[in-house]
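Protein chains in written order, with the working numbering: chain P, 5 to 345; chain R, -17 to 307.
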């Protein structure tokens, strides 16, 4: 009776024994699970990796390596060598959760100061990141980031940006990072109408490179309060029957500026959609962490609603489908927290 | 050092009552108003305003505006304000009141204080006028002047003492190229575009800029302000010169503003009042010394000879002079 029990148990577990009597990981599901645990750009499935790697023995691992010629190759060496770029790639995936935790715990001023630095030190530079930081933070939040920047780098944000950018981009970006916008709700109705007309005239009649040189377009976007600009956005829609940012579509940095100032949820939900689509670029990958971590306490509810409306799927479901492990759990929890606020 | 003479002991209630007495009747007792307010510091003036409001249920400033007039009224009504509020009000008036903003006031507001002080003024400005200082400066100026003034007013300047010598050297060359590229050194030629001048002047820290100006003199054999000398009608160049002078030596710059305000055909009272009122509690004493050195007569003598009546008495009181009573 004891013998029968042993057989039953062995059969149930589906384990075969090799010559030495050791168990082998022959289950194709387990092989697949291990591969899946670190596939996809967003995170790793720590729990499943832990279980499988503890269970399997050296022979299993050799089999796994031989079955993964895209990661391990024995062309040049007498063993299955791990491809170094994949190793780096995997390291970054492990770091997704680590980076998300750091961003969440760090003081927002330090976090934003580091992001400002990064935006212009990356090649190519990330103007949209700089615009996002300058325009979606409140005046005092971004001022804090500017102070932190000085503390960290012994120079002002204005100097840093002005030296690295030229021409029209310099005028726009330096103005955006310098301005200390009025955050109140008082607006001058007459000025709204007038400036809406100025924008309309500039956009409808000028060619692209003329809009860039238009001092009034720049002045309005870089000095007016956010409430003022949102009201102009509405007025523009009523007057010209189109959205301001769509009409500025040719000039990406102006379009991003308008979106960030007038409707951050639209801007952020677009980034989320891009980054969770198939094969995002490296820069996009970091955006997933940044958007969720920085907006959870601000307007995550609005972003989730906009995302659902525009892309037809709940944000949380998309995140669950696109991410793995602790990283996934962390992002999902942050989104849930933001939506409950 | 301040020139203001204010007693340690005072009673805001008594002062408020004395001021009210000065308003009573047909005329106004300007002398008493000047005697009281001209000898009170910012904190004391604040208490007097509060006491007056409490006792008479009226805003003291409104009352002063009603009872006084002309240059005296403007000077006293600026004087009575809290210093930060005063800066915001002066900036606002310089932008809105005139047909063209007085760039000197905006530059003085922006360049003669620390980054935090400027920020406090901008916050006060937003509180008072429900718009940002940047918006108002931008919407009332144009072209290069707009780019420059908005940049200077917006920047949160780094205040460390570090200087990068290489950067100072290279930017001195850049400035030289931009200034002299247009029409020769000191020849009054129009600037060959101003992007780099605006960038450097409006973003670099003060120590960095001083190093740059030194290199400029070494490389080009003449100071940067002399290079910018030219057509007096070119307001933008004048603004650049004013900004550089303000950065290099604020006291010398201010004494020049005062000197010019007196020596122009007809005294420019607004500028004269502004400097005396805003510096009386700060460093007017040192400025007086600079004025004497540069002009060979004391500032009090200059004010006494070029202004009259109660307005003169008020300015002299703020200058620390007791003799005109």
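Ideal Cβ placement from N, Cα and C applies to all residues, glycine included.
Keep in mind it's a predicted model, so treat the numbers as computed, not measured.
Item                                                                                                                                                                                                                                  : Value
Given a threshold of 16 other Cβ atoms within 10 Å of its Cβ, counted over all protein chains shown, does residue 281(R) qualify as buried or as exposed?                                                                             : buried
Taking 9 Å as the CB-CB cut-off, is residue 188(P) touching chain R?                                                                                                                                                                  : yes
Using the three-state DSSP reduction, which class does residue 218(R) fall into: helix, strand or coil?                                                                                                                               : helix
Are the stretch 7 to 22 of chain R and the stretch 53 to 63 of chain R touching by the rule of at least three beta carbon pairs closer than 8 Å?                                                                                      : yes
Could you pull out every residue in the same chain whose Cβ sits closer than 7 Å to the Cβ of residue 236(R), ignoring the five residues on either side in sequence?                                                                  : 257, 261, 269
State the DSSP-derived secondary structure class of residue -8(R), mapped to helix, strand or coil.                                                                                                                                   : coil
For a cutoff of 9 Å on Cβ pairs, would you count residue 254(R) as touching chain P?                                                                                                                                                  : no
Based on DSSP bridge pairs, tell me the residues matched to residue 77(P).                                                                                                                                                            : 85(P)
Quick check on residue 16(P): buried or exposed, where buried means 16 or more other Cβ atoms within 10 Å of its Cβ?                                                                                                                  : Caution is warranted here: a pLDDT of 43 is assigned to residue 16(P), below 50, making its placement in the model unreliable, and no coordinate value can be reported.
Roughly how many angstroms separate the alpha carbons of residue 246(P) and residue 254(P), rounded to a whole number?                                                                                                                : 15 Å
Thinking residue 264(P) and residue 136(P) are a contact (beta carbons under 8 Å), I'd like their distance in whole angstroms, please.                                                                                                : 6 Å
Do residue 65(P) and residue 52(P) have their beta-carbon atoms positioned less than 9 Å apart in this structure?                                                                                                                     : no
Would you kindly report the start and end of the unbroken alpha helix (DSSP H) that includes residue 13(R)?                                                                                                                           : 12 to 19
Does any CB atom of chain R fall closer than 9 Å to the CB of residue 65(P)?                                                                                                                                                          : no
If you measure beta-carbon to beta-carbon, which residues of the stretch 161 to 173 of chain P are closer than 9 Å to chain R?                                                                                                        : 161, 162, 163, 164, 165, 166, 167, 170, 171
Between the stretch 124 to 145 of chain P and chain R, which residues of the former have CB atoms less than 7 Å from a CB of the latter, in chain order?                                                                              : none
Show which residues of chain P have a CB atom less than 7 Å away from the CB atom of residue 120(R).                                                                                                                                  : 223, 227
I'd like to confirm the pairing. Which residues does DSSP put opposite residue 327(P) in its beta bridges?                                                                                                                            : 46(P)
Between residue 121(P) and chain R, is the shortest Cβ-Cβ distance under 9 Å, so that the two count as touching?                                                                                                                      : no
First and last residue of the alpha helix (DSSP H) that includes residue 111(P)?                                                                                                                                                      : Counting along the chain, residue 111(P) falls outside any alpha helix (DSSP H), and DSSP gives it neither H nor E.
Cutting at 8 Å between CB atoms, please list the residues of its own chain near residue 300(R), excluding the five before and the five after it.                                                                                      : -15, -14, 20, 61, 258, 259, 262, 266
Could you give the distance in angstroms between the alpha-carbon of residue 24(R) and the alpha-carbon of residue 16(R)?                                                                                                             : 15 Å
Any idea what DSSP makes of residue 317(P), helix, strand or coil?                                                                                                                                                                    : coil
Using 8 Å as the cut-off, can you tell me whether the stretch 227 to 238 of chain P makes contact with the stretch 193 to 203 of chain P, which would need three or more C-beta pairs spanning the two stretches below that distance? : yes
Any contact between the stretch -8 to 3 of chain R and the stretch 23 to 42 of chain R? By contact I mean 3 or more CB pairs, one from each, below 8 Å.                                                                               : yes
Using the beta-carbon count (16 or more within 10 Å), is residue 33(R) buried or exposed?                                                                                                                                             : buried
So what does DSSP say about residue 4(R), is it helix, strand or coil?                                                                                                                                                                : helix
Based on Cα-Cα distance, which residue from 205(R), 125(R), 158(R) lies nearest to residue 222(P)?                                                                                                                                    : 125(R)
For residue 92(R), does the count of other Cβ atoms within 10 angstroms reach 16, so buried, or fall short, so exposed?                                                                                                               : buried
Under a three-way DSSP split, which group does residue 140(R) fall into?                                                                                                                                                              : coil
Taking the straight line between their C-alpha atoms, what separation do you get for residue 345(P) and residue 134(R)?                                                                                                               : 40 Å
When you compare the stretch 208 to 220 of chain P with the stretch 144 to 163 of chain P, are there three or more beta-carbon pairs, one atom per stretch, that lie closer than 8 Å?                                                 : no
Please list, in chain order, all residues of the same chain as residue 146(P) whose beta carbon is under 8 Å from its beta carbon, the five residues on each side excluded.                                                           : 116, 137, 138, 181
Mind checking which residues open and close the alpha helix (DSSP H) that includes residue 171(P)?                                                                                                                                    : 171 to 182
Suppose you measure from the CA of residue 75(R) to the CA of residue 180(R); what does that come to, to the nearest Å?                                                                                                               : 25 Å
By the 8 Å beta-carbon criterion, what residues does the stretch 174 to 190 of chain R contribute toward chain P?                                                                                                                     : 177, 181, 184, 185, 186, 187
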